[in-house]
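Notes follow once the structure below has been shown.
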Amino acid sequence: MSREDNVYQHGMSMIQLLFTLAIVAITAQFAGPAYGVLVEQQRRQVAAEQLASGLRNARTEALVRHHYVVVHALQDDWSKGWRIILDQSGRGHLDESNPVLAYKQGNAQIPIAGNTPVKHYVRFNPLGEPLLSGGAFQAGTLHICQADTALSHYQVVLAKSGRISLRSDQATQALCATA
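Going by this note's numbering, the first residue of the sequence shown is number 915, and it counts up by one from there.
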């Protein structure tokens, strides 16, 4: 091979290529699990924000329409999603003739568990106050949990006044273990 041919030769040798691939494989092995954790964390945050937004929208609808509005968990499981309905009959989600105002399909991979007052539904009166079907005030917390653990990462809190707040306190929560 002449000196002129050597000047024009470009590219990588086989050893350089294998060394580069080995570095990429090792890096991917460490980055993969971290990326999975990041994706799950982002999904929990989105689920919490959507649930809080849905409850706020339901309260607004109750105020604007001067009527009862119910947000209920699909199949009694907030993780599966929820529907917002105009409660014309007074029977809530049990009456299929009540019009559906909004519907949100949930991500079943993200567990959401509510304490007793908000376990299955939230009902706003025409003044935007949350009331149980028996007439007592309704306040509670919906926990957005980490899958397969008892850890609550986000909490959608419903106050007696109807105010909905979103908190991001990471804490052990027994409801998450059963969700």
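A virtual CB, placed ideally from N, CA and C, is assigned to each residue, including glycine.
Does the beta-carbon distance from residue i to residue j come in below 9 Å?
i	j	result
PRO1044	ARG973	yes
TRP996	TYR1017	yes
ASP991	ASP1001	no
CYS1059	GLN1019	no
Helix, strand or coil for residue i, going by three-state DSSP, please let me know.
i	result
SER993	helix
ARG1037	strand
GLN943	helix
HIS980	coil
ILE937	helix
LEU1015	strand
GLY950	helix
ILE1026	strand
As a quick exercise: from the options, pick the residue whose alpha carbon is nearest that of residue i.
i	options	result
LEU1056	GLY1049, SER1066, ASP1062, SER1047	SER1066
SER1047	GLY1006, GLU963, GLN989, GLN955	GLY1006
ASN1012	GLN1019, SER1003, GLY1020	SER1003
GLY1028	GLN1069, GLN930, ALA942, VAL938	GLN1069
VAL1032	LEU931, LEU969, ALA1085	LEU969
VAL1014	ILE998, ALA948, LEU1089	ILE998
PRO1040	ALA961, GLU975, GLY946	GLU975
ASN971	ALA1022, GLN1052, PHE1038	PHE1038
GLN1094	ALA1064, LEU1072, THR1063	Absent from the structure is residue 1094, since the part of the chain shown begins at 915 and ends at 1093.
Quick one: measure Cβ to Cβ for residue i and residue j, integer angstroms, because I've assumed they're closer than 8 Å.
i	j	result
PRO1025	ALA1061	6 Å
GLY1054	GLY1076	Contact flag wrong, Cβ pair sits at about 12 Å.
### contact_flag[the segment 984-993, the segment 963-972] where n(CB pairs < 8 Å) is 3 or more
yes
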